[in-house]
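Trainee:
In the numbering used here, the protein residues as written are 12 to 282.
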């Protein structure tokens, strides 16, 4: 496909697919009151997956492979598909499944594209809001025709900070302890329920920062690029990468202040 091996080319294909998947999910989303969501659980009784999570991922995989049959695909529901190229697609078919089930607006279709292990394109379609966030490496982050810039770094005490919580009860208890150490030191806390959407909220300036323990790669791969291309710093604890131990996103200056506060609270412990 002409242009498809450039970041912009990958981005065009990813955006088309993410929009199609989002439209399908909006059309088919069941009401919780109908009891027809076909809900299963994964790691805990609160960690849910639906038939539509799988249908969304299947649609995305089919569309990718129709154009680029040799590429690898890593998806939340179906795992890692081997391939013959240096390209891997990283797919979260519904980031924020509980929000999706309850009709809350913060859920997203997230698609990132790696080339030789580096994310070069990312799309986060927050479909209920009609917001499609896009980013290509070194080409900026965008919402529609608006180029995104995260907020200038406020002092920590004036920062509005988004976070999220794990599915396991023991880890949630630790996260609650950490939260009691963070809340008195910042302006306020917001809990949206989608890592991908939260990262895009940093890029857009709806919040100043975001942190969460326990996110998966498909949760943050696309949104992390959007935030980084909007000027935010994205990483983990003690110079490590953004990942399961900690996902931390904020403009430079605030990133370091929030990091040091979190590190002192030992957020990576399980008890």
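Even glycine gets a Cβ: it sits at the ideal position worked out from N, Cα and C.
(1) Note down the Cα distance separating residue 106 from residue 115, rounded to an integer number of angstroms.
(2) Using CA atoms only, rank isn't needed, just tell me which of 220, 117 and 187 is closest to residue 138.
(3) Does the stretch 164-173 come within contact of the stretch 194-201, defined as at least 3 CB pairs closer than 8 Å?
(4) Less than 7 Å between C-beta atoms, sequence neighbours within five positions excluded: which residues of the same chain meet that for residue 225?
(5) Quick one: grab the DSSP three-state call for residue 80.
(6) With a threshold of 7 Å on Cβ separation, who are the neighbours of residue 18 within its own chain once the five nearest residues in sequence on each side are excluded?
(7) Let me check understanding here. Comparing Cα to Cα, which of 231, 98 and 261 lies closest to residue 205?
(8) Please work out which residues of its chain come closer than 6 Å, Cβ to Cβ, to residue 257, disregarding the five sequence neighbours upstream and downstream, and give them in chain order.
(9) Which two residues bound the contiguous beta strand (DSSP E) that contains residue 259?
(10) In terms of residue numbering, what span does the alpha helix (DSSP H) encompassing residue 111 cover?
(11) Given this structure, state the Cα-to-Cα distance separating residue 163 from residue 268, to the nearest angstrom.
(12) Hey, out of 184, 202, 227 and 103, whose CA is closest to residue 281's CA?
(13) Along the beta strand (DSSP E) that carries residue 202, what are the first and last residues, could you check?
(14) Looking at the structure shown, is residue 119 part of a helix, part of a strand, or coil, going by DSSP?
(15) Measuring CB atoms only, is the stretch 57-76 touching the stretch 260-274, in the sense that at least three cross pairs come out at less than 8 Å?
(16) In angstroms with no decimal places, state the Cα-to-Cα distance between residue 140 and residue 275.
(17) For residue 75, I'd like the list of residues in its chain whose CB is within less than 7 Å of its CB, leaving aside the five on either flank, ordered along the chain.
(18) So what's residue 17 in DSSP terms, helix, strand or just coil?
Mentor: With the given structure in hand:
(1) 12 Å
(2) Put simply, of 220, 117 and 187 the residue whose alpha carbon is nearest the alpha carbon of residue 138 is 117.
(3) yes
(4) 177, 182 and 255
(5) Assigned with DSSP and collapsed to three states, residue 80 falls in coil, not helix or strand.
(6) 131, 132, 147, 148 and 150
(7) 231
(8) 224, 247 and 248
(9) Start and end: 258-261.
(10) Taken as a continuous stretch (DSSP letters only), the alpha helix (DSSP H) holding residue 111 covers 108-113.
(11) 14 Å
(12) 184
(13) 199-202
(14) strand
(15) Touching, no, given that fewer than three Cβ pairs across the two stretches are closer than 8 Å.
(16) 36 Å
(17) Here the set comprises 28, 82, 84 and 100.
(18) Looking at residue 17 - three-state DSSP - the assignment turns out to be coil, as it is neither helix nor strand.
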